[in-house]
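> Pasting in a structure now, in structure tokens, and then I'll have a few things to ask.
In the numbering used here, the protein residues as written are 474 to 557.
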């Protein structure tokens with residue numbers, strides 16, 4: 474997996490922390506709807522799957538989340554997004 478990280482990431486375009494309004498606009502353009510309570514409802518589908526980036530949920534995963542939360546937190550990689 475380290476060979477993947479060695480390649481420089483060169484996106485065509487970066488949208489840095491778009492506003493909530495802009496996110497809603499994009500979602501509505503793609504078929505999202507506003508609920509009676511004013512919330513945005515969207516349905517997504519998986520367009521691509523790369524096996525080495527796929528996390529498999531196991532039947533015994535509750536052991537790590539319930540009995541060993543500190544160990545689980547140290548082992549799992551996360552992506553942190555800035556809040557809106």
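Glycine included, C-beta positions come from ideal geometry on N, C-alpha and C.
Which partner residues does residue 513 have in the DSSP bridge list?
507
> Which residues in the same chain have their Cβ closer than 7 Å to the Cβ of residue 513, if we skip the five residues on either side of it in sequence?
497, 500, 505 and 507
> If I follow the unbroken alpha helix (DSSP H) through residue 483, where does it start and stop?
Segment: none, residue 483 is in no alpha helix (DSSP H) and carries neither H nor E.
> What are the start and end residues of the alpha helix (DSSP H) that includes residue 502?
Here the alpha helix (DSSP H) through residue 502 covers 493-502.
> Taking the straight line between their C-alpha atoms, what separation do you get for residue 489 and residue 509?
30 Å
> Of all the options 485, 503 and 494, which has the alpha carbon lying nearest to the alpha carbon of residue 511?
494
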